[in-house]
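Same order as they appear, the protein sequences are chains A and B. Numbering of the first sequence is given in the working numbering, commencing with residue 571 and proceeding in unit increments. Numbering of the second sequence is given in the working numbering, commencing with residue 656 and proceeding in unit increments. Below is one structure; the comments refer to it alone.
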Amino acid sequence: MPRRVLLIEDDPDIQKMVMLSLKFKGGHEVSVASSGQEGLEKAAAEHPDLILLDVMMPEMDGYETCRRLKEQSSTRDIPVVFLSARAQQSEIQKGKELGAIGYLVKPFDPMTLSDQLEALLKSAGNK
Amino acid sequence: MDFTRLLREVYWNSLDGILITDASTSITDVNPAYERMTGYRRHEMIGRKTNFMKSGLTPSETYQEMWDHLNRQGKWVGEVINRRKDGSLWHSYLSITRVLDDRGQVAAYVGIARDITPRKLLEEELHERLRELEVARDRADTAARLLQAMLDSVNEAIIMVDNRGNCVVANHLACELLGLDMASLRNCSLGKLRRAASRIFREGGAMPVLSGRRTSSQLLETRQEPRRVFQEFSAPVLDEAQDVIGRLYIYRDCTLEAELARANAEQIATVSHELRTPMTSVRGALGLLLGGIAGDLPEEARRLLEIAQHNADRLIRLINDILDISRIEAGKLEIHREPLSLSEAVQRAVAELDTFASQHGVRVNMELAADLPAAMADADRVEQVLVNLLSNAIKFSGRGSTVTVSMGVDGPHVWVRVADQGPGIPEDQLYRIFEKFYRVNSGAARKAPGTGLGLAICKAIVEAHGGRIWVESEVGKGAAFTFTLPAVLPVQEPA
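Have a look at this one:
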């Protein structure tokens, strides 16, 4: 089932990669925000089915963005999946404690990204 | 009774020695007690000058004083050291009285001697003991001063409490750290010390009250800015008989190290991000192209893209290995222990390498043990070790050969063994196999791709769990890698 995904990621190449990957496998519609602040605004305005959130971004990092998303009543219920190059167990744990439903580690396989997101949504009971 | 007879009785039976000389100090008579004291018989002494018994050890001033007194006052009391007939020395407490005749001329000298040799020996021994005590006290004072100087010269705050919980040793850094002067710190109770420590450190639980031989180590941060980080170490103090006589608390200022470790960890995270981000794009683009995003590809193009993807994967593995090694060396390897079924971990690792094994034409045989106790381990890290050992075993085994994974329990540990039928490792290289970047120098090893970091990482992971890893191999007969992990053993019910 195609979904509306909001990608919050500052690297333009990865933005394109995720957009192509999710469109190609799953036919998802991907909206992009290049910073945490822009992500918060788009999340509130577009209310996507899922937010894919990078961790290391300038100004507002992914953890802070997630914390604010979960603070706002309009964005609180949107499932968040971290997509990060930081793969330490403590960071994965931190992401989960902030209310994310999953933590995917870069580099990811673009051919299975869609399936992985579906699996996370399913296990979070959001299907 | 006749007085003369009375005097005679006293003279003969006195316990003190009595010696009578004429005016020229020639002996005219001695009593039996004096014979006993000197060892000379009466007839051996009569007629001889008294100085034949001199030992030469009595100071000449004593004799000078003796004659001064006798000439002026007619009596003298003092101590002299004489020599007995057998050559031994005896101390005499001597009282001499000058006897004058009717004309006032010296008629005789009467000496009454008491053998005080035993008392003198006791006194000498006492003096000797006192001297020894003084030396020992000086030594103890010097040792205490040296110990205090040494304690004050080290960079750690040190406090020792005795078994009653009173501070018995402390150095200046301890005073500085706890804000107490040395006099207040000494004899301070552990409770008071703990209250002082809780005012200094943010974390509760500084200076833990531990019994017996338990040791503890923890990091503590000061409340006051700028924050300082201390490593607290607590251990029992044992005497020569290995009995606990107190407890030591040592505080090492590791603010700089903590900052460096933080900076290092941050650096690792940044490098990790900087390396993974471009690789995500490279790997992703190749994956999408090979996945058909741009439609069917010409055969040549597909083959070239597959080579690029294969090498991108190699590069990612290398980046991951280097980051793991950096974390290990920075002491940042995270281990999250929980009960782990080794059978399940092995099955997951084997499933992950299923395609890899098929590509190499190698069969993986699992000898699982159903009733094995769980390991207390980090599932992801153990799987990393298993995948590493299995992929090595598959890589080095020839087509049609079998890799066997077996497991068991040995005392408080569970073990897993990965055995291959590959070319084996030369004996002279076995001991270097777990070194970083070490690659076995043989034809088969040179052909197989790898970073030379995998086994070093495996060793660090296993050892971080409190386990052990080793290899057994013989050239031509394959290699077997075994590692152990702490087992979760059932709690023994008290009998």
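A virtual CB, placed ideally from N, CA and C, is assigned to each residue, including glycine. Note that this is a predicted model, so its numbers are computed, not measured.
Which one or two residues does DSSP pair with residue i in a beta bridge?
| i | result |
| --- | --- |
| B/E1022 | B/S1061 |
| B/Y904 | B/I814 and B/S889 |
| A/V625 | According to DSSP, A/V625 bridges with nothing at all. |
| A/E599 | A/R574 |
| B/R769 | B/Y748 |
| A/L620 | A/V575 |
| B/M1031 | B/P994 |
| B/V899 | B/L893 |
| B/A763 | B/V754 |
| B/K1091 | Note: B/K1091 sits in no beta bridge, so no partner. |
| B/N737 | B/K709 and B/W745 |
| B/F856 | B/T877 |
| B/V824 | B/M815 |
| B/K704 | B/S681 |
Determine the extent of the beta strand (DSSP E) in which residue i is found, giving its start and end residues.
| i | result |
| --- | --- |
| B/E1129 | Counting along the chain, B/E1129 falls outside any beta strand (DSSP E), and DSSP gives it neither H nor E. |
| B/L875 | S871 to E876 |
| B/P1141 | A1134 to P1141 |
| B/G1122 | B/G1122 -> no beta strand (DSSP E), and no H or E assigned at all. |
| B/H746 | L744 to L755 |
| B/S1013 | Element bounds for B/S1013: not the beta strand (DSSP E) but the alpha helix (DSSP H), D1009 to Q1014. |
| B/G867 | From DSSP, B/G867 is part of no beta strand (DSSP E); its letter is neither H nor E. |
| B/E716 | That residue, B/E716, is in no beta strand (DSSP E); its alpha helix (DSSP H) goes S715 to Q728. |
Considering just the uninterrupted stretch of the alpha helix (DSSP H) at residue i, what are its terminal residues?
| i | result |
| --- | --- |
| B/H782 | T772 to S808 |
| B/V1040 | A1034 to F1051 |
| B/C909 | Element bounds for B/C909: n/a, residue is neither H nor E. |
| B/C843 | From DSSP, B/C843 is part of no alpha helix (DSSP H); its letter is neither H nor E. |
| A/K705 | Residue 705 of chain A is absent from the structure shown; chain A starts at 571 and stops at 697. |
| B/R1072 | Not the alpha helix (DSSP H): B/R1072 falls in the beta strand (DSSP E), residues H1068 to A1074. |
| A/S693 | L683 to S693 |
| A/A615 | G606 to E616 |
| A/V588 | P582 to F594 |
| A/V650 | First-last for A/V650: V650 to S654, but that is the beta strand (DSSP E), not the alpha helix (DSSP H). |
| A/G698 | The first residue shown for chain A is 571 and the last is 697, placing residue 698 of chain A beyond what the model contains. |
| B/N665 | The sequence given here has Val at residue 665 of chain B, not Asn. F658 to N668 is the extent of the alpha helix (DSSP H) around B/V665. |
| B/A829 | H827 to L833 |
| A/T645 | Segment: none, A/T645 is in no alpha helix (DSSP H) and carries neither H nor E. |
| B/Q879 | Looking at the DSSP string, B/Q879 is not in any alpha helix (DSSP H), and its letter there is neither H nor E. |
| B/L1144 | Per DSSP, B/L1144 belongs to no alpha helix (DSSP H) and is neither H nor E. |
| B/L1085 | E1082 to L1085 |
Which same chain residues end up closer than 8 angstroms to residue i when comparing Cβ atoms and leaving out the 5 residues on each side of it in sequence?
| i | result |
| --- | --- |
| A/E616 | R574, L576 and S601 |
| B/A918 | none |
| B/V816 | C822, V823, L845, L848, G901, R902 and Y904 |
Taking Cβ-Cβ distances shorter than 9 angstroms, what residues in chain C pair up with residue i?
| i | result |
| --- | --- |
| B/E989 | Absent from the structure is chain C; the protein chains it does hold are A and B. |
So, for residue i: in the same chain, excluding its five sequence neighbours on each side, which residues have a beta-carbon less than 6 angstroms away from its beta-carbon?
| i | result |
| --- | --- |
| B/A812 | L828, A829, L832 and Y906 |
| B/A1119 | L988 and I990 |
| B/F888 | S872 and I905 |
| B/T752 | K730 and V765 |
| B/P1149 | Any reading at B/P1149 must be qualified, since the residue scores a pLDDT of 49, below 50, and its modelled position is unreliable; the value itself is stated next. Answer for B/P1149: no residue qualifies. |
| B/R1018 | T1057 |
| B/I983 | A1115 |
| A/L610 | R638 |
| B/F658 | none |
| B/V735 | T713, S747 and L749 |
Enumerate in chain order the residues of its own chain whose CB-to-CB distance from residue i is below 7 angstroms, with the five nearest sequence positions on each side excluded.
| i | result |
| --- | --- |
| B/E690 | R696 and R697 |
| B/I971 | M934 and R938 |
| B/Y1093 | R1087 and G1107 |
| B/G1016 | R1054 and G1055 |
| B/A1032 | R992, L995, H1120 and L1140 |
| A/K676 | L653, S654 and A655 |
Original post:
Taking three-plus beta-carbon pairs below 8 angstroms as touching, is the region 979 to 992 of chain B in contact with the region 616 to 625 of chain A?
Top reply: no
Subject >> the region 925 to 942 of chain B in contact with the region 576 to 596 of chain A per 3-pair CB rule at 8 angstroms >> reply: yes
Original post:
How do the region 594 to 608 of chain A and the region 647 to 661 of chain A stand: do at least 3 beta-carbon pairs fall below 8 angstroms, yes or no?
Top reply: no
Original post:
Can at least three beta-carbon pairs, one atom from the region 1108 to 1120 of chain B and one from the region 1040 to 1050 of chain B, be found at a separation below 8 angstroms?
Top reply: Counting Cβ pairs under 8 angstroms, three or more are found: they touch.
**OP:** May I have a chain-ordered list of the beta strand (DSSP E) segments no shorter than 3 residues that lie completely inside the region 671 to 700 of chain B?
**Re:** 672 to 676 and 682 to 685
Original post:
Can we say the region 762 to 777 of chain B touches the region 710 to 723 of chain B, given the rule of at least three CB pairs closer than 8 angstroms?
Top reply: no
Original post:
Looking at C-beta atoms only, is the number of pairs between the region 676 to 687 of chain B and the region 657 to 664 of chain B that lie closer than 8 angstroms three or more?
Top reply: no
Original post:
Hey, which unbroken runs of the beta strand (DSSP E) at 3 residues or more fall wholly within the region 973 to 1003 of chain B?
Top reply: 993 to 995
**OP:** Return the chain-ordered ranges of every alpha helix (DSSP H) run that is complete within the region 920 to 969 of chain B and spans a minimum of 4 residues.
**Re:** none
Original post:
Are the region 589 to 598 of chain A and the region 671 to 681 of chain A touching, with three or more C-beta to C-beta distances below 8 angstroms?
Top reply: Yes, the region 589 to 598 of chain A is in contact with the region 671 to 681 of chain A.
Original post:
Are three or more beta carbon pairs between the region 808 to 822 of chain B and the region 846 to 862 of chain B nearer than 8 angstroms?
Top reply: yes
**OP:** Specify whether the region 876 to 884 of chain B and the region 793 to 809 of chain B touch according to this definition: at least 3 beta carbon pairs, one from each stretch, less than 8 angstroms apart.
**Re:** no
**OP:** Mind the definition here: the region 863 to 872 of chain B touches the region 783 to 793 of chain B only if three or more C-beta pairs lie below 8 angstroms; say whether that holds.
**Re:** no
Original post:
Just checking, does the region 996 to 1012 of chain B make contact with the region 1027 to 1041 of chain B on the three C-beta pairs under 8 angstroms criterion?
Top reply: They touch, by the three-pair rule.
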